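Participant: Numbering follows UniProt numbering, with no gaps: position 81 of the sequence shown is 81. Virtual Cβ for every residue (Gly too), placed ideally from N, Cα, C. This structure is a prediction, so every number in the text was calculated from the model and none was measured.
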Amino acid sequence: MSETERCVATCFAVSAEPSPGLLPRLLQPFAKRDLVPDRLAARREGEAMRVEIALDAMPAGMVHLVAGNLAQVVGVTELRVTHQDGAAGVLRAA
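Structure below.
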């Protein structure tokens with residue numbers, strides 16, 4: 001990561017089908033970029049899992065890369081990404 005690269009607080013909110021391997025698959029895009037989430041919350045709501053992964057300072061250039069990887073995880077049905085500047089986006093998995 002470049003020292004001059006801008007960092008942003010980012011939260012990824014995932015809705016997915018529950019499965020035993022879901023959480024490690026969701027954390028993998030962060031691990032391969034040497035990013036450690038500051039907060040992680042997961043809960044089952046009926047037939048869905050809701051997972052929130054937040055970083056207080058994430059390189060802005062990596063946000064879309066991680067979001068793309070998370071949207072491709074098997075079982076993910078929706079991904080919401082919010083930034084400290086108020087920008088938000090929703091990706092729906094196929």
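On the three-state DSSP scale, how would you describe L35?
Facilitator: In the structure shown, L35 sits in coil (DSSP, three-state: anything other than H, G, I, E or B).
Participant: Using CA coordinates, which residue listed in V51, V63, G61, E47 is at the minimum distance from L22?
Facilitator: When each option's Cα is compared against that of L22, the closest is V51.
Participant: Would you check if the distance between the CB atom of D38 and the CB atom of L55 is smaller than 9 Å?
Facilitator: Cβ distance < 9 Å, so D38 and L55 count as in contact.
Participant: Where does the unbroken alpha helix (DSSP H) through V74 begin, and where does it stop?
Facilitator: Per DSSP, V74 belongs to no alpha helix (DSSP H) and is neither H nor E.
Participant: Buried or exposed for E45, going by 16 or more other Cβ atoms inside 10 Å?
Facilitator: Counting Cβ neighbours within 10 Å, E45 comes out exposed, since fewer than 16 surround it.
Participant: Under a three-way DSSP split, which group does R44 fall into?
Facilitator: DSSP places R44 in strand when its eight states are reduced to three.
Participant: Give me the residue from T82, A60, A67 with the minimum Cα distance to R25.
Facilitator: Among T82, A60, A67, the Cα nearest to that of R25 is on A67.
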